[in-house]
Amino acid sequence: PVLFADQNARVSVGRGVLRVDSTLDYTILQGKAKEFAIALPGDATLLSVKAEGMRTWDMATQGKDRMLKIQLAEGVADRYQIELQIEQAIGKGSLTEAAAFSVPTIAAQGVGRETGAVGILVWKGLKVEPVKTEGVTQVDVREMPAAFQTLKEQVHLAYRYLQRPFSIEARVSEVEAKVAAEVMTNVRVSPEALRFTSRIEYTIRDAGIFRFRIKLGKDVKLVDLQGENINTWERDAEAMTVDLRTKAEGQY
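Under this note's numbering, the first residue of the sequence shown carries the number 45, and numbering increases by one thereafter.
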């Protein structure tokens, strides 16, 4: 048989981990196919394989890659679909610095040509930037195949390719929170002292935060502190540090 493949790869980038959900749609001409071979990156972990009528699958090392071979109970013609999920470690997990990575490729073997689309998504609080690409064209997210339409609000980078080989290199880093604060203060004056009651309303955008720093005058004595989900607080010579149990986002 003569095989052609079209692949939709959804690449989810997180803190220290990268996951690829791939859907391979085969077109089968001039006969039936009973065996499919797919090359996977050697340093990636295969999480799942889904294929209708699959009898067995096995993995073998081939150079820097690993070869996944799928055997079906019966030969198939016309169209056939295989879904794979792989995972790969990137960076050091904390992302205190930007981590560069190459998008791992899942390659159909024994096909006349493979085309496809790659959509890169990131976890909340992260951002991704392209570094270098070869053999792909960056496209508008709205031009991606139907498989990506439910995810178009989450896709940060979108690419199409017409043949192999291709490569995509990118960089992921933490989004810095943008914080604005409005301070409202009531002052009570007495012969003995001034008493201040302050309310700070924060607006937090783009990412969440766990800590606030509040500067107080050196002669100011803190009487009471209230706030949602406060874990601990301490005061040093420069400011007061307030740590939360949960991440603050939006309005606080």
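Virtual Cβ for every residue (Gly too), placed ideally from N, Cα, C.
Bear in mind the structure is a predicted one, so any value in this text is a computation, not a measurement.
Notebook entry, point to check: Nearest CA to the CA of Val127: which residue from Val183, Ala81, Asp69?
Noted result: Translated into positions along the sequence shown, residue 127 becomes position 83. Position check: residue 127 holds Glu in this sequence, whereas Val was assumed. It is Asp69.
Check: From Ala49 to Glu178, what does the alpha carbon distance come to, in whole angstroms?
Finding: If you number the sequence shown from 1, residue 49 lands on position 5. If you number the sequence shown from 1, residue 178 lands on position 134. So the alpha carbons of these two residues sit roughly 20 Å apart.
Check: How about Ile244 and Ala221: are their beta carbons less than 7 Å apart?
Finding: Translated into positions along the sequence shown, residue 244 becomes position 200. Translated into positions along the sequence shown, residue 221 becomes position 177. Their beta carbons are not under 7 Å apart, which means Ile244 does not touch Ala221 by this criterion.
Check: Within 10 angstroms of its Cβ, does Glu376 collect 16 or more other Cβ (buried), or is it exposed?
Finding: The chain is shown only over 45 to 296; residue 376 falls outside these bounds and no answer can be derived.
Check: DSSP state of Gln198, grouped into three classes?
Finding: Your numbering for residue 198 matches position 154 in the sequence shown. Of the three classes helix, strand and coil, the one that applies to Gln198 here is coil, per DSSP.
Margin query: How far does the beta strand (DSSP E) with Val231 in it extend, from its first residue to its last?
Written below: Stepping through the sequence shown from its first residue, residue 231 is reached at position 187. Per DSSP, the unbroken beta strand (DSSP E) holding Val231 starts and ends at 222-233.
Next item on the list: Classify Gln193 as buried or exposed, calling it buried when 16 or more other Cβ atoms lie within 10 Å of its own Cβ.
Entry: Within the sequence shown, numbered from 1, the residue matching residue 193 stands at position 149. When all chains shown are included, Gln193 counts as exposed.
Item checked: Cβ pair count under 8 Å reaching 3, the region 86-104 against the region 249-262 -> No: the two stretches stay apart, fewer than three of their Cβ pairs being nearer than 8 Å.
Checklist line | Cutoff 6 Å; reference Val162; Cβ partners in own chain excluding five residues on either side | finding: Residue numbering aside, residue 162 sits at position 118 when the sequence shown is read from its first letter. Correct list, in chain order: Ala53, Tyr203.
Notebook entry, point to check: Taking the DSSP output, what are the residues bridged to Lys94?
Noted result: The residue labelled residue 94 in the question sits at position 50 within the sequence shown. Looking at the DSSP assignment, Lys94 forms a beta bridge with Glu127.
Notebook entry, point to check: With which residues is Gln207 paired in a DSSP beta bridge?
Noted result: The residue given as residue 207 occupies position 163 in the sequence shown. The beta-bridge partner set that DSSP reports for Gln207 is empty.
Next item on the list: Measure the alpha-carbon distance for Gln115 versus Val64 and round it to whole angstroms.
Entry: Taking the sequence shown and counting its residues from 1, the one referred to as residue 115 is at position 71. Taking the sequence shown and counting its residues from 1, the one referred to as residue 64 is at position 20. The alpha-carbon atoms of Gln115 and Val64 are separated by roughly 22 Å.
Check: What did DSSP end up calling Val185 once you bin it into helix, strand or coil?
Finding: On the sequence shown, residue 185 is found 141 positions in, with the first residue counted as 1. Of the three classes helix, strand and coil, the one that applies to Val185 here is helix, per DSSP.
Item checked: C-alpha gap between Ile157 and Leu73, whole angstroms -> Start at 1 with the first residue of the sequence shown, and residue 157 comes out as number 113. Start at 1 with the first residue of the sequence shown, and residue 73 comes out as number 29. According to the sequence provided, residue 157 is Arg. The question's Ile does not apply to it. One Cα belongs to Arg157, the other to Leu73, and the distance between them is close to 13 Å.
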